[in-house]
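Reading through the structure tokens given below for one structure.
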Amino acid sequence: MFLPRVLQKKRKPPSDAHPELSPCPQVTRDPNPLTNPTSLTREAEPQTKRVRIHSPDTNDEYLEQLVCGIELVFTDYAYQDDGGGAWLKKYGRVIHGESSYIHLSALLIHPSLAALKPAPTQKTLRRALQSFPSPDLEITGEGYFVRRRVSTYPLSFIPTDASTIINDDGLSFWDKRTLYVEPHLSTMCNKPAVVAWWLKKYGKLRSKWLPIQAIKTIAPSCAFVVLSGCNAKLSSSWDRWAAKKLPNNWITMTKAEHDRRTKEYLSILNTEGSGSPVQSVFWRQNNRAKENNGLVPFLDEIIFADAFPTHEHTPIMARRTTDRFSRASASLHSASSDNLTNLQERHKPLIQLVNLPLDSSENEIKTFVIGISRRTSNVEKVYYNPGDTTAIIRFTSVEDAEFATRTLGERFLKSTSISSQVEARLMTSVSRIDHAGLIDRNRDDDKNPSETTLATPNAASSIAKKPRRRRKKPKRHSIDT
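Per UniProt numbering, the very first residue in the sequence shown carries number 1; after that it's consecutive.
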């Protein structure tokens with residue numbers, strides 16, 4: 001007889017699956033609890049605003065500017081230019097048997113796009129080419145490679161040797177199609193793509209002037225724009241278009257007109273006496289710079305006091321500063337031994353004197369300064385032009401310049417010699433200037449000149465420190481009990 005295994009084995013009867021739970025003990029609440037009861041339900045926490053990371057501003061205008069910048073990379077002017085052609089050849093790639101493709105990563109470092117803000121990325125460039133396709137460009141490789149369409153290069157009206165064609169007036173093929181522009185924003189020309197976009201969208205350029213071949217930045221506020229097609233100078237519609245001052249009241253003129261005005265302006269500056277005193281001073285200082293091989297110190301920082309009316313009792317400002325010649329002009333010199341010596345001489349200490357009498361001479365100024373410092377070797381050179389009211393004295397050491405400047409503020413008139421008369425007119429106050437040539441704005445002009453000192457790192461001991469003002473202790477009042 002068959003019996004199940006459960007019945008064959010002796011075992012205890014199975015226990016209940018769900019035993020009865022013991023009742024919970026009742027908790028009596030204190031009517032006066034010491035602490036607030038904790039709630040079993042979780043209270044809703046106040047929602048805090050999370051900072052979201054926004055993507056760069058990729059509106060339609062920004063994407064159109066990117067397309068304009070990419071078009072400037074593949075123009076006929078760029079292919080014929082030495083620098084542009086070398087760049088295209090360097091970054092050119094062969095994709096599916098087709099050459100001259102440029103990857104979008106290389107376009108990010110091109111001058112036409114590198115200065116844009118926000119900085120473009122490969123995704124934004126790809127999106128711009130897909131959203132606003134250009135008839136002159138084609139893309140491949142899932143949109144990450146771009147090149148100029150073979151059917152559009154070269155343009156039929158642009159010769160292959162355009163840069164070598166020069167007319168009877170001395171203008172090249174591209175110069176005849178170049179405009180000088182000054183946009184409404186003073187920093188726009190640092191971004192060639194933005195300039196091209198403004199001209200295409202708001203400039204109302206004629207179709208025969210397009211496409212824009214190049215944007216050559218002169219300064220952040222001005223640039224040359226190279227057009228294509230018809231000669232802008234000889235076009236009958238050029239005068240009408242220039243009179244409109246498009247776009248947004250821009251200043252525009254042809255390159256030939258710009259060159260003519262530049263020559264006229266320089267001829268006025270080079271004519272001494274014909275114009276304002278500032279022009280004559282500009283002429284004299286530039287001629288002195290040429291005579292001294294560009295060693296006249298800080299031409300862009302000198303205060304030309306002879307351009308303004310002076311008074312006999314006008315106090316002079318004796319200013320000591322370091323010779324900070326423009327780095328741009330210094331970079332033009334080659335690394336020869338003579339030029340290196342000249343560059344080292346430019347960093348020697350200087351004193352600038354203004355409001356000098358018109359009848360002063362270089363020897364009088366030098367003798368006067370040597371007499372103050374009592375050393376003949378400390379004055380290295382005097383930059384002075386007869387008739388000027390400004391002179392610059394170069395010293396051999398910072399200590400000599402500091403001593404001379406401090407003495408000029410402390411001396412008073414004691415004799416009637418020529419040098420004393422010059423001193424009486426000149427030296428009545430000294431301005432405080434640090435080692436870098438920065439004027440101390442906290443200087444009190446009503447101070448006694450003898451109390452004025454120089455604040456320089458090399459002359460820390462000469463700084464007159466004011467005694468600290470001690471706070472008075474509060475009086476203790478006795479309390480009547």
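Here a beta-carbon is modelled for each residue, glycine too, at the ideal position from N, C-alpha and C.
Quick caveat, the model's predicted, so the values are computed rather than measured.
Pairing Lys200 with Leu246 gives a Cβ-Cβ distance that is not under 7 Å.
In the structure shown, Glu98 adopts extended strand secondary structure according to DSSP, grouped into three states. Between Ser112 and Pro192, the C-beta spacing is below 7 Å. Annotated as proximal: Ile139 and Val146, with beta-carbon spacing under 7 Å. Between Glu64 and Phe132, the alpha-carbon positions lie close to 7 Å from each other. If you ignore the 5 residues before and after Pro386, its C-beta comes within less than 7 Å of the C-beta of Ser361, all in its own chain and listed in chain order. A check of alpha carbon separations from Leu171 across Ser134, Thr254, Asp136 and Glu402 identifies Thr254 as the nearest.
When Cβ pairs closer than 8 Å are counted between the two stretches, the stretch 154-165 is seen to touch the stretch 75-90, the count reaching three or more. In the three-state reduction of the DSSP assignment, Arg148 falls in the strand class, which pools E and B. The C-alpha of Val181 is placed about 15 Å away from the C-alpha of Arg260.
Runs of the alpha helix (DSSP H) lying entirely within the stretch 188-227, each at least 4 residues long, are 192-202 in chain order. In this structure, the beta-carbon distance from Val73 to His110 falls below 7 Å.
Per DSSP, the continuous beta strand (DSSP E) segment holding Tyr383 begins and ends at Val379 to Tyr383.
As a beta-bridge residue in DSSP terms, Gly92 pairs with Ile102. Boundaries cannot be given for Ile166, as no beta strand (DSSP E) includes it and DSSP labels it neither H nor E.
The Cβ atoms of Leu125 and Leu66 sit closer than 7 Å to each other. DSSP places Ile351 within a strand segment (E or B) once states are collapsed to three. Between the C-alpha atoms of Val382 and Ala86 there is a straight-line separation of about 50 Å. The three-state secondary structure of Tyr62, taken from DSSP, is helix. Only residues of its own chain outside the window of five on either side were considered, and among them Ile165 and Phe173 have a CB closer than 8 Å to the CB of Pro159, listed in chain order.
In terms of Cβ geometry, Asp76 and Leu129 do not form a close pair [threshold 7 Å]. Assigned with DSSP and collapsed to three states, Arg394 falls in strand. Rounded to the nearest whole angstrom, the CA to CA distance from Phe395 to Pro357 is 22 Å.
Taking all protein chains in view, the Cβ of Glu142 is surrounded by fewer than 16 other Cβ atoms within 10 Å, so the residue is classified as exposed. Under DSSP, Glu138 shares a beta bridge with Arg147. DSSP, reduced to helix, strand and coil, places Thr405 within a helical segment of the structure shown. Contact check for Pro349 against Ala391 fails: the beta carbons are separated by 7 Å or more. Look at Leu179 here: in three-state DSSP terms it is strand.
Ranked by Cα distance from Leu227, the options Phe368, Lys263, Thr252 and Lys176 are led by Lys176. Of Arg148, Asp388 and Ile215, the smallest CA-CA separation from Gln352 is found for Asp388. Judged by DSSP secondary structure, Thr252 falls within the beta strand (DSSP E) whose first and last residues are Ile251 to Thr254. Phe368 sits buried, since 16 or more C-beta atoms from the chains shown fall within 10 Å of its C-beta. Between Gly229 and Lys216 the beta-carbon gap is near 18 Å, outside 8 Å, which marks them as no contact. Nearest C-alpha to Asn249 among Val194, Thr262, Pro118 and Leu185: Leu185. With fewer than 16 other Cβ atoms from the protein chains shown falling within 10 Å of its own Cβ, Asn270 counts as exposed. For the options Arg127, Lys123 and Thr152, the alpha carbon positioned closest to that of Leu137 is the one of Thr152.
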